Amino acid sequence: MDAAALLAQRVRAGDVRATARLISMIERDDPSRLETLKTLHAWTGRAHIIGITGPPGSGKSTLTDKIVSELRNRKRRVAVVAIDPSSPFTGGAILGDRIRMNRHSTDESVFIRSLATRGHLGGLSRATSEAVRVLDAAGYDDIIIETVGVGQSEVDVVRLADTIVLVSVPGMGDDIQAIKAGVMEIGDVFCVNKADRDGAERVVREIRAMLETAVLNGASTRFSVLYASLAAESAIPDSVAPETHDYFQQGAAHHIAKQHHDHGELDLPPVLTTIAESGEGVRDLVDAIKAHETGLVSTGLLAIRRRENLAWELGKAAADRIQSVLEHEERKSAMAELASAVLEKRTDFYEALDKLERSLAAAYVAQES
Amino acid sequence: MERTIRVLVAKPGLDGHDRGAKVIARALRDAGMEVIYTGLRQTPEQIVNAAIQEDADVIAMSILSGAHNHLFPRVLELLKDKGVDDVLVIGGGVIPDDDIPGLKAAGIAEVFTPGTPTSATIDFIRNNLKRKA
Amino acid sequence: MNDMDAMEKAAGAYQAGVEKTLSKFPERKKEFVTGSKSPVGRLYTPLETKKIDYLRDIGFPGEFPYTRGVQNTMYRGRLWTMRQYAGFSTAEESNKRYKFLLEQGTTGLSVAFDLPTQIGYDSDHPLSQGEVGKVGVAIDSLADMEILFDGIPMDKVSTSMTINAPAAILLAMYIVVAEKQGIAPGKLNGTIQNDILKEYVARGTYIFPPEPSMRLITDIFAYCATDVSSWNTISISGYHIREAGSTASQEVAFTIADGIAYVDAAIKAGLDIDDFGPRLSFFFNAHNDLFEEVAKFRAARRVWSRIMKERFGAKNPKSMMLRFHTQTGGSTLTAQQPDNNIVRVAIQALAAVLGGTQSLHTNSKDEAMALPTEASVRIALRTQQVIAHESGAAETVDPLAGSYYVESLTDRIQEEAEGYIAKIDAMGGAVKAIERGYIQQEIQDAAYAYQMDIESGERVVVGMNKFQVREDPPKGLLRVDPAVGEQQTKKLQALKARRDNGKVAVTLATLKAAAIGSDNLMPPILDAVRVYATLGEICDVLREVFGEYQQKVIL
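Protein chains in written order, with this note's numbering: chain A, 1 to 369; chain B, 370 to 502; chain C, 503 to 1057.
Below, the structure written as structure tokens:
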């Protein structure tokens, strides 16, 4: 058996060191990992992938710790991928999320791994998705991705999850930070942590109001798609076709579905309160996370969403590859030459662009072969 | 590209003096390393399991309470039990010189006593990694 | 009085002369700074202190705002208490060390407990392995405490106990041992550290989360106000904050912010400020920058007295007096050329005395390497005695007052500390600031900057990064017998076999009910201690009800 197959076998057999080692290979983009990943591919797709995101200081690590405990009470094997930022200056990082979860270190059914962003955004989502697949193949039932809490890389990383928990916290300013960042649309389950602080009720109301507005406006949110599909399941005539994944259409369908709903009430995603420090509310949160998964499965949306995520990931990976070709020294000097030509009016911008694109394609093909 | 060195920094035992551990964690980060900081009151079992899951190249421990002769060797024993032989293990803290030979014999690669500049620890790690690839 | 116009003119002329000198002879450094890295001017004159209103800001010793000290005669009346922190191994061994110290002329005991005791674990707990008797004495039950104070007259010595999370339990043991010696609780003198907030930020021996911890503390305040009225119920500690790397101003600021939190909690618990205010005491560090340290102590007294009077409306002057213990700075000691530490400790101890400390521990030269030996403890104590009897520092009150430099520094530290306190107030107080990690972050930033200054050579530490020599490893360090853990475990087993386990169960159940409810916890703890419930058993009950604190780390 070759090294790659052996490594895959060890991962499959639950060998923690092998799993950890493979994730390191993924992190440093080691090409020899690919054979192993290909082998492991057959065993992926079983785990429930849960994204936990929210602003820094919202208590995500403590919440993750308590979610892990609750999942362990339910006899699930759990893996956590916790992401922290790398220093843009030195490339180093302090990965501190484990501090909160250390009591699980001696539980053989829990695997915790800290990842640093290592500067490149595309690389992070690639590394995370590969790491999640490895953990999936290694047999963990639930895989939690805990994110840094800021920026676009966030959105990319959480796209990998089946269920996204968006964590807010009272007292982080007048508005909910998450709304400003425009990531509210990505939540499936909403959680207001540190609910013993003043203003928790207000944050819950604000989130609800915002979700309602989103639904009534037919905004394209992840949850609209689900609820539209669920409504369709309960046989509201002709209103939705669950196969579609045009978010706008889905959102509108959700809205329409609501108007037909028996109870006349809007179906909104759950907005729960927790006090992670004491564990209060965590059981309900895990119930909501699991109910979301059940909904995804029963509507067939899980497959659709994973297909969408994978398509997105493929596009992203292709873009990364093209980017790397573009950043090659040869291309850079060609671009400089083309830029001179444009400036000196020997050619125009679009002609230069076409020329670049052709040389890019040629280089790309050459690299592939 | 140079391989990123991953260091698990831990405070074994009950001692709560983590000034040194935190300073070294920052210094290692500023030297471009990834530091997995595990905080206070770690048992040897927790440290070893965390190091394996994190695939750390180095375990760096600090003890100021005098419990080093008990706790440091225990970490090495557990690593051995689990068949891990490629992790560099270093220690620091208030440790009498007389104890150092014994700790080294147990497998602690180096012991850094008070007054050691962080640069010495950084250099030691860079030059003594057990894993190269 | 000084004619300020003439002063300005003369200062201008001086400055011109300085410029001339500098053109030929530049100074040693571009920037001169204090030990805490605050800028230091070339010269201080009445121009720098002209904003000071003597009666308002400095005043007389024993009078508000107590800048010059809390007693009107200070050391002319009575010298500070020379109190050496000690304890290791078993109660038997530590008892011997205490008797040695008393024979050598210490005037107060200071008990160091081992880490399992401080974190509420019995010696046979798995987490206690390797730690029993190491940094202090192992106390598992009243039986150990009886041995620890055997033959020591508890009505004559004052005893300070460095115990925080389980302070109520150790205090209860002390009270019961005294009862057995025939001494009423009201006759006991001493201090428990009982300062949990700094454990969260700097020292690490926490057990419970902030809320129940604050309750334990205020329960002690309430109990002692009536029953143990001469006892200092808390020692609000900046020492460890400084050891963790803070600056002098941060030490004052964060300590006083913690103090404010305790007062707030006690008032919220229904206590009268003037009932518990006089029993609050403080604990500071003394580092090498003599003048900055003296100024720090003076500023701390001024800031605290104003807060107690103006913010909390204290009426009793004793509530406004910041009384403090000082320990010389452990983190300033070097493992290299340890004899140099004797000199550092002497400077630091002098700073504490010039700053008006009520009691003092001087570190021993070997503490950067191990527990101190008897010989090095003796030198440390002798250092205090030389200052007391030979230096002249104790012959007049607050000798550095009126120094343009020291008064300027005092003002600066006061301003910086008040700035931090205002920030912490805005966050909702010290507990909230700790939960947010603000205080931890400030300390760590200062600690890292300090270390980097040493490594760049900007900060000289004699014998460590300059003036090094090759030296042999020190010999004859004190070692704790590794068998202590087993001995303690055997003692525990024997205890559990001989005590009335039925009574233990009953008292623990009563304690649990009290913990769930809101009754003062001191009486049920005393009952449990009396029937030899162990420290670990009592703490386990409280852990079950209160939960455990999770460290907040910001890096």
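By construction, the Cβ of each residue, glycine as well, lies at the ideal position given by its N, Cα and C atoms.
Values in this document were obtained by computation on a predicted structure and should not be read as measured data.
Cβ neighbours of residue i in the same chain (closer than 8 Å, five flanking residues each side left out)
i: residue 334 of chain A; result: 356, 359
i: residue 414 of chain B; result: 447
i: residue 591 of chain C; result: 635, 639, 640, 982, 983, 986
i: residue 932 of chain C; result: 699, 756, 759, 760, 762, 763, 926, 941
Contact belief for residue i with residue j at Cβ below 8 Å, rounded distance in angstroms
i: residue 851 of chain C; j: residue 885 of chain C; result: 6 Å
i: residue 606 of chain C; j: residue 880 of chain C; result: 6 Å
i: residue 753 of chain C; j: residue 761 of chain C; result: Not really, about 12 Å apart at Cβ, beyond 8 Å.
i: residue 661 of chain C; j: residue 804 of chain C; result: Not quite, the Cβ-Cβ distance comes to about 30 Å (not below 8 Å), so this is no contact.
i: residue 428 of chain B; j: residue 390 of chain B; result: Their Cβ separation, rounded to whole angstroms, is 12 Å, which puts residue 428 of chain B and residue 390 of chain B out of contact at 8 Å.
i: residue 600 of chain C; j: residue 677 of chain C; result: Wrong, their Cβ atoms sit about 18 Å apart, outside the cutoff.
Test: residue i CB closer than 8 Å to a CB of chain A
i: residue 1052 of chain C; result: yes
i: residue 931 of chain C; result: no
i: residue 383 of chain B; result: no
i: residue 390 of chain B; result: no
i: residue 514 of chain B; result: Residue 514 of chain B lies beyond the stretch modelled for chain B, which goes from 370 to 502, so this question has no answer here.
Contact set for residue i: own chain, Cβ-Cβ below 6 Å, skip 5 residues either direction
i: residue 673 of chain C; result: 694
i: residue 481 of chain B; result: 461, 490
i: residue 79 of chain A; result: 111, 135, 140, 143
i: residue 1076 of chain C; result: Any answer about residue 1076 of chain C is impossible in this case: the structure gives chain C only from 503 up to 1057.
i: residue 349 of chain A; result: 342
i: residue 965 of chain C; result: 836, 838, 839, 842
i: residue 574 of chain C; result: 563, 564
Contact with chain C by residue i, beta-carbon distance below 8 Å
i: residue 92 of chain A; result: no
i: residue 62 of chain A; result: yes
i: residue 394 of chain B; result: yes
i: residue 376 of chain B; result: no
i: residue 456 of chain B; result: no
i: residue 476 of chain B; result: no
Proximal chain B residues relative to residue i, where beta-carbon distance stays under 9 Å
i: residue 1012 of chain C; result: Those within 9 Å of residue 1012 of chain C in chain B number zero; the least Cβ separation is about 29 Å.
Chain A residues whose Cβ lies nearer than 8 Å to that of residue i
i: residue 1057 of chain C; result: 94, 96
i: residue 400 of chain B; result: 90, 92
Residue i, buried or exposed, once every other Cβ within 10 Å from all chains shown has been counted against 16
i: residue 1018 of chain C; result: exposed
i: residue 253 of chain A; result: At residue 253 of chain A the pLDDT is 48, less than 50, meaning the model places this residue with poor confidence; the figure from the coordinates comes in the next sentence. Looking at its Cβ environment, which holds 16 or more other Cβ atoms inside 10 Å, residue 253 of chain A is buried.
i: residue 102 of chain A; result: buried
i: residue 892 of chain C; result: exposed
i: residue 488 of chain B; result: exposed
i: residue 651 of chain C; result: buried
i: residue 697 of chain C; result: buried
Amino acids of chain C, ordered along the chain, whose beta-carbon sits closer than 7 Å to that of residue i
i: residue 278 of chain A; result: 1049
i: residue 99 of chain A; result: 1053, 1055
Neighbour list for residue i in chain C, Cβ cutoff strictly below 8 Å
i: residue 431 of chain B; result: Within chain C, no residue comes near residue 431 of chain B; the closest Cβ sits about 12 Å away, beyond 8 Å.
Contact list for residue i against chain B, beta-carbon separation under 8 Å
i: residue 636 of chain C; result: 434, 435, 436
CB contact below 8 Å: residue i versus chain B
i: residue 47 of chain A; result: no
i: residue 618 of chain C; result: yes
i: residue 599 of chain C; result: no
i: residue 69 of chain A; result: no
i: residue 112 of chain A; result: yes
i: residue 76 of chain A; result: no
i: residue 87 of chain A; result: yes
i: residue 741 of chain C; result: no
i: residue 20 of chain A; result: yes
i: residue 705 of chain C; result: yes
beta-carbon residue i near the ligand GDP non-hydrogen atom, thresh 7 Å
i: residue 954 of chain C; result: Questions concerning the ligand GDP fall outside what the structure shown contains, since it holds no ligand whatsoever.
Same chain, Cβ closer than 7 Å to residue i, five either side skipped, listed in chain order
i: residue 540 of chain C; result: 914
i: residue 241 of chain A; result: A caution first: residue 241 of chain A carries a pLDDT of 44, below 50, which makes its placement in the model unreliable, though a value can still be read off. So no residue of the chain qualifies.
i: residue 273 of chain A; result: 192, 195, 200, 204, 281
Residue i at chain E interface by Cβ criterion, 8 Å
i: residue 839 of chain C; result: Annotation note: the requested chain E is absent from the structure, which comprises protein chains A, B and C.
Contact set between residue i and chain A, taken where Cβ atoms lie within less than 7 Å
i: residue 418 of chain B; result: 105, 106
i: residue 405 of chain B; result: 95, 98, 114
Contact list for residue i against chain C, beta-carbon separation under 9 Å
i: residue 470 of chain B; result: By Cβ distance, chain C contributes nothing, its closest Cβ being about 10 Å from residue 470 of chain B, past 9 Å.
Neighbouring residues, chain B, relative to residue i (Cβ below 7 Å)
i: residue 982 of chain C; result: 435
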